[in-house]
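Numbering-wise, our numbering puts 172 at position 172 of the sequence shown, and it's gapless, one number per residue.
A short worksheet on the structure shown next.
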Amino acid sequence: MSDVPKTHPRYLSLTLRDTIVAGVQQGITSIHGLIAHGRGEAFDYLIGEATQPFAIEAIHAAAAMLRLAEHPVISVNGNVAALAPEALIELGQVLNAPLEVNIFHTETGREQKIREYLLKHGASDVLMPTTEAQLSFIDSNRKFVHPEGIFKADVVFVPLEDGDRCEALRKMGKDVVTVDLNPMSRTAKQASITIVDNVVRALPLLCEKIPELSSSDATTQGILKRYSNEAVLHEALQHISRSGNGNQRKREAEPR
Ligand code: PTJ
């Protein structure tokens with residue numbers, strides 16, 4: 001870890017950078033993950049580095065969708081594993097859903113290292129990709145899945161996704177819940193529910209919300225019925241464009 005003092009005004013953001021760098025050094029996160037993280041940082045800055053009302057609305061809908069799912073599965077890539085291992089495990093526990101390693105950038109041994117990292121943090125089991133079960137409509141490494149995991153899932157939670165697999169999963173009739181700081185990404189637009197927030201803030205809120213909902217009642221179904229992903233993405237974009245105007249003056253007084 002670097003020696004950023006706790007008093008530094010951007011301490012939290014710099015600590016997250018350290019975490020993702022440590023992920024690369026441990027062989028969990030792809031080097032490309034640093035670029036993805038930087039893009040996320042830029043959007044987080046525009047969003048105000050706080051969970052906004054449009055994200056809360058999506059978190060409630062995501063909690064309802066995952067609660068009503070028959071076979072929810074949590075897909076884990078190299079960025080999320082490094083940033084939020086405990087929260088991923090907690091989500092698996094509250095949903096009674098498996099974690100499954102699924103990465104885009106093929107690197108020897110990285111999938112196994114992610115699995116071991118999650119087990120070390122307390123996961124009871126972690127599914128791995130197989131060649132027995134493959135997703136249709138996709139050519140990348142992400143097509144290799146576990147027959148009892150993503151292949152069988154009705155709802156897949158896929159934070160920090162690249163657009164291709166999200167599209168493939170949707171074409172296969174599955175619902176996708178994602179967390180993506182970029183409301184304009186292909187994933188954000190194609191997912192059933194997009195939480196426009198930093199995964200490190202959104203995951204604990206999602207874990208907190210799920211136990212409050214019943215797995216069958218009309219209230220949970222009502223939350224889903226009323227939800228519009230398009231409207232939520234529109235609100236996120238509006239918020240970002242306001243931050244380019246009104247919030248900019250406030251930002252000018254802040255340290256970079
Ligand atoms: O481990 P692998 O090989 O599966 O690779 C994982 C990454 C993330 C590198 C891979 O999926 C990738 O290249 O993703 P993209 O296409 O760069 O998309 C990542 C999206 O996540 C971008 O829209 C970023 O803005 C967003 N993002 C980055 N960091 C965060 C984030 N969203 C939420 N929380 C973050 N911390």
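Every residue, glycine too, gets a C-beta built ideally from N, C-alpha and C.
Mapping the DSSP letters down to three states, classify residue i as helix, strand or coil.
| i | result |
| --- | --- |
| Arg249 | Residue placement at Arg249 is flagged as unreliable, the pLDDT there being 48, under the threshold of 50; the coordinate-derived value follows with that caveat. It is helical. |
| Ser75 | strand |
| Ile195 | strand |
| Asp3 | coil |
| Asp217 | coil |
| Asp175 | strand |
| Asp18 | helix |
| Ala63 | helix |
| Ala81 | helix |
Is it right to say residue i is buried, meaning 16 or more other beta carbons lie within 10 angstroms of its own, or is it exposed?
| i | result |
| --- | --- |
| Lys174 | buried |
| His60 | buried |
| His271 | The requested residue 271 does not occur in the structure, where the chain is confined to residues 1 to 256. |
| Thr220 | buried |
| Lys271 | Residue numbering for the chain in the displayed model covers 1 to 256; residue 271 lies beyond these limits and cannot be assessed. |
| Gln25 | exposed |
| Arg249 | Per-residue confidence for Arg249 stands at a pLDDT of 48, beneath the threshold of 50, marking its modelled position as unreliable; no derived number is given. |
| Asn102 | buried |
I want to check one thing, is the minimum distance from the CB of residue i to the heavy atoms of the ligand PTJ below 6 Å?
| i | result |
| --- | --- |
| Val199 | yes |
| Gly38 | no |
| Gly109 | no |
| Leu68 | no |
| His239 | no |
| Gly33 | yes |
| Gly23 | no |
| Ile195 | no |
| His258 | A query on residue 258 cannot be resolved here, the shown segment of the chain reaching from 1 to 256 and no further. |
| Gly48 | no |
| Gly78 | yes |
| Val101 | no |
| Leu160 | yes |
| Asp175 | no |
| Asn182 | yes |
| Ser75 | no |
| Phe43 | yes |
| Val94 | no |
Anyone know if the C-beta pair for residue i and residue j falls short of 7 Å?
| i | j | result |
| --- | --- | --- |
| Leu99 | Gly109 | no |
| Thr29 | Gly78 | yes |
| Gly163 | Arg142 | no |
| Leu259 | Pro85 | Look at the range of the chain in this structure, 1 to 256, and you will see that residue 259 is not part of it. |
| Ile20 | Ala82 | yes |
| Ala69 | Asp197 | no |
Report yes or no: is there a C-beta of chain C within less than 7 Å of the C-beta of residue i?
| i | result |
| --- | --- |
| Val76 | The structure shown contains no chain C; it holds only a single protein chain. |
Practice problem: Would you list, in sequence order, the uninterrupted beta strand (DSSP E) runs of no fewer than 3 residues that lie entirely inside the stretch 93-173? | Solution: Here the runs fully enclosed are 99-101, 155-157.
Exercise. Write down every uninterrupted run of the alpha helix (DSSP H) in the stretch 20-52 whose length is 4 residues or greater and which is fully enclosed by it, in chain order.
Key: You should have 32-47.
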